[in-house]
Amino acid sequence: MPTYLVSGANRGLGYEMVKQLSALPRTYILAGCRSPSDAPELAALAENSGGRIKVVQLEVTDPESVKNVVGEVEMWEHTKGGLDVLLNNAGVFAGGWASALEAYVVASCICPSGRSAYPSGRTPADIQSNININLYGTISLTLALLPSLLRTAASTSTEDDGGPVKQIYTYSSGMGSITSTHNNALAGGAAYSVSKAALDMWTVKLGLQLRKEGKDVVVKALHPGWATTGMTGAGEGYVSPEDSVKGMIEVIRSAKPGDPTVLVSYKNEVLPW
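Using our numbering, the letters of the sequence shown map in sequence onto residues 151 to 423.
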């Protein structure tokens, strides 16, 4: 039975991923969320899972929290089996649809009068929040859990239980694709896009390095689509969380040893970087 770890599992795509994975007959899930006490739906899901879901406190920007999760994974390994699939779902969309002109980076940009020169109330914190969580948080969690992923053999694949190889997914976006941004003339969401573009490059570098070292780990950047969640805004998005996650699970289950590191959509389509 494969074990999945899902970060940001308290709501949106993370919660839906845990829900749908738990509906498969043979899966274990470690569901990481920043504040388990504020995630009653996730707690209820775990309570009714027959011990197949464990909720763990996880704040990807907190080194101590990440360290504790590594300990949880190691304990889980002794009783249930090793970690097979890491789903780096945790993320933010700080700064909204602000353009590159509004996503200021220079912290000293203050008018002589002492008032902030940032338009629309935007500050460097917007771009830094995206970088801290979407980029640094994903890198931190992935590197911390990589030894656990590599320590055990991949669970045997069946029709029901997932892919036949260890897998790492960073959650990307079409907004991080330079090609897609050019093609769609998408000027907004600059702070978020910067973080995802940087994450894409790190994902490629990680995949290349693991392949160079002969490690049999599939590494991909996963685009879930613009799903209707609390992060995108009520009523916005072109795909439901249910359909997005259903597609992403098929991506995971169809993974094969030796798969290249690519940006892949929830429709299992390879997208341009």
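By construction, the Cβ of each residue, glycine as well, lies at the ideal position given by its N, Cα and C atoms.
In chain order, T211 place their CB closer than 6 Å to the CB of N282, counting only its own chain and leaving out the 5 sequence neighbours on each side. With distances taken between CA atoms, H373 lies nearest to S330 out of S330, A194, R161 and A244.
A contact is defined here as three or more CB-CB pairs under 8 Å, and the segment 233 to 244 meets this definition with respect to the segment 277 to 296.
Residue environment: E209 is assigned as buried (16 or more neighbouring CB atoms within 10 Å of its CB, all protein chains considered). Between S199 and the set R176, A189 and K370, the nearest pair of CA atoms involves R176. Straight-line spacing of the CA atoms in M167 and L192 works out to 11 Å.
By the Cβ criterion, the segment 387 to 401 is not in contact with the segment 342 to 354, since fewer than three pairs of Cβ atoms, one from each stretch, lie closer than 8 Å. Around Q170, the same chain offers V395, K396 and I399 as residues with beta carbons nearer than 7 Å, after the five sequence neighbours per side are excluded.
When DSSP states are grouped into helix, strand and coil, D409 belongs to the coil group. Assignment of beta-bridge partners to S415 by DSSP yields H373.
R161 and D188 have their C-alpha atoms some 10 Å from each other.
N239 carries a coil assignment under DSSP once its states are collapsed to helix, strand and coil. Approximately 31 Å separates the beta-carbon atoms of I402 and Q278; this is outside 8 Å, ruling out the contact. From the listed residues L236, K365, M325 and Q359, the smallest Cα separation to L413 is found for M325.
Taken through DSSP and simplified to helix, strand or coil, T229 comes out as helix.
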